[in-house]
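K.L.:
Chains as they are written, first to last, in the numbering used here: chain A, 1 to 151; chain B, 1001 to 1112.
Glycine is no exception: its CB is placed at the ideal position from the N, C-alpha and C atoms.
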């Protein structure tokens, strides 16, 4: 199993770091070649047909695909553009209010550290002041909510 | 839940006083007076916070003109937290699958 580490700098940011026992070039290709990306993209129980994948891997190029839920056929489209493409170390995509960046670090021993960072959902001034730990506030409140009967 | 609604919800949750108010309401409904008690804050200021929470759909307030007790409305909070959770799960599971994909490429083992 790859090492797993999850860090949430704030509620609207998500950061996930993984270390893969694979050379950086292979990890890069898994992200930038449609036939490879289609193999792993999406949650378990979802498929991404290769025919749906458009990847014009350069700044401003289109990054689009359609995932299908195996169980009920629910469709989940993605259609965005690449922002930065620095082979083989950095890839980012999205619009101004929702950007995801993934970086690849060669650990020098055949392994690759992959760091995914996404700023999620909304641009809102109030959020700039949101304290770290909002997510755990969610959790605590969620637990409290779960333990009571709501009207 | 639309992104704009989530934006309002998150903005409402960004304030520590409002989160404290929500935590208090998780224990049961309360009037403005009761809510103001633990905070060094005017009733007016607390009312303002309640208005923000109400607009975000995080609480509902009674109609009784005088007391207007507030109580937690769980749906908005749940949806906001659920959206983030869903988003993280998407990537977590994708990255698990990426690891499996990379291992498959590795077969037969190079060194064994």
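In three-state terms, what does DSSP make of residue 106/A?
P.N.:
DSSP places residue 106/A in the strand class (E or B) of the three-state scheme.
K.L.:
Just the chain A side, please: which residues come within less than 8 Å of residue 1094/B by C-beta, in chain order?
P.N.:
The answer, in chain order, is 40, 41, 42 and 43.
K.L.:
Going by DSSP, which residues form a beta bridge with residue 13/A?
P.N.:
119/A
K.L.:
So is residue 1038/B buried or exposed if we call it buried at 16+ other beta carbons inside 10 Å?
P.N.:
exposed
K.L.:
Roughly how many whole angstroms lie between the Cα atoms of residue 40/A and residue 51/A?
P.N.:
When rounded, the distance between both Cα atoms is 15 Å.
K.L.:
Alpha helix (DSSP H) containing residue 41/A: first to last residue?
P.N.:
Run containing residue 41/A: none; DSSP gives neither H nor E here.
K.L.:
Along the chain, where does the alpha helix (DSSP H) containing residue 1023/B start, and where does it finish?
P.N.:
1016–1025
K.L.:
Are the beta-carbon atoms of residue 38/A and residue 1091/B separated by less than 9 Å?
P.N.:
In this structure, residue 1091/B does not lie closer than 9 Å to residue 38/A by Cβ.
K.L.:
State the Cα-Cα distance for the pair residue 1089/B and residue 27/A, rounded to the nearest angstrom.
P.N.:
20 Å
K.L.:
Residue 1021/B to residue 1067/B, Cα distance in whole Å?
P.N.:
16 Å
K.L.:
Taking DSSP as the reference, what is the three-state secondary structure of residue 57/A?
P.N.:
coil
K.L.:
Along the chain, where does the alpha helix (DSSP H) containing residue 30/A start, and where does it finish?
P.N.:
24–32
K.L.:
Using a Cβ-Cβ cut-off of less than 7 Å, give me the residues of the stretch 10–26 of chain A that come near chain B, in sequence order.
P.N.:
Taking 7 Å as the Cβ-Cβ cut-off against chain B, the residues of the stretch 10–26 of chain A that qualify are 11, 12, 14, 16, 18, 20, 22 and 26.
K.L.:
Mapping DSSP to helix, strand and coil, what is residue 47/A?
P.N.:
Residue 47/A falls in the strand class under three-state DSSP.
K.L.:
Given that a residue counts as buried once 16 or more other Cβ atoms are within 10 Å of its Cβ, and exposed if not, what is residue 42/A?
P.N.:
Buried, by the Cβ-count rule.
K.L.:
On the DSSP bridge assignment, give the partners of residue 114/A in chain order.
P.N.:
18/A and 104/A
K.L.:
At a cut-off of 8 Å, is residue 17/A close to the ligand FAD when judged by its beta-carbon and the heavy atoms of the ligand?
P.N.:
Absent from the structure shown: the ligand FAD. Ligands present: none.
K.L.:
Compare the C-alpha of residue 1046/B against each of 1035/B, 1054/B, 1095/B and 1094/B and name the closest.
P.N.:
1035/B
K.L.:
Leaving aside the five residues before and after residue 74/A along the sequence, list all residues of the same chain whose C-beta is less than 8 Å from its C-beta, in chain order.
P.N.:
68
K.L.:
Go ahead and label residue 44/A buried or exposed: buried means 16 or more other beta carbons lie within 10 angstroms of its beta carbon, across all protein chains shown.
P.N.:
exposed
K.L.:
So the alpha helix (DSSP H) residue 89/A belongs to, where does it begin and stop?
P.N.:
Taken as a continuous stretch (DSSP letters only), residue 89/A belongs to no alpha helix (DSSP H), as it is neither H nor E.
K.L.:
Are the CB atoms of residue 63/A and residue 82/A nearer to each other than 9 Å?
P.N.:
yes
K.L.:
Whose C-beta lies closer than 7 Å to the C-beta of residue 85/A among residues of the same chain, with five residues either side of it excluded?
P.N.:
57, 58, 59 and 91
K.L.:
Is DSSP giving residue 1097/B helix, strand or coil here?
P.N.:
helix
K.L.:
So, is residue 1055/B buried or exposed, given that buried needs 16 or more other C-beta atoms within 10 angstroms?
P.N.:
Exposed is the call here.
K.L.:
Residues in the stretch 1051–1063 of chain B with C-beta within 7 Å of chain A's C-beta atoms, listed in sequence order?
P.N.:
Nothing from the stretch 1051–1063 of chain B brings a Cβ to less than 7 Å from some Cβ of chain A.
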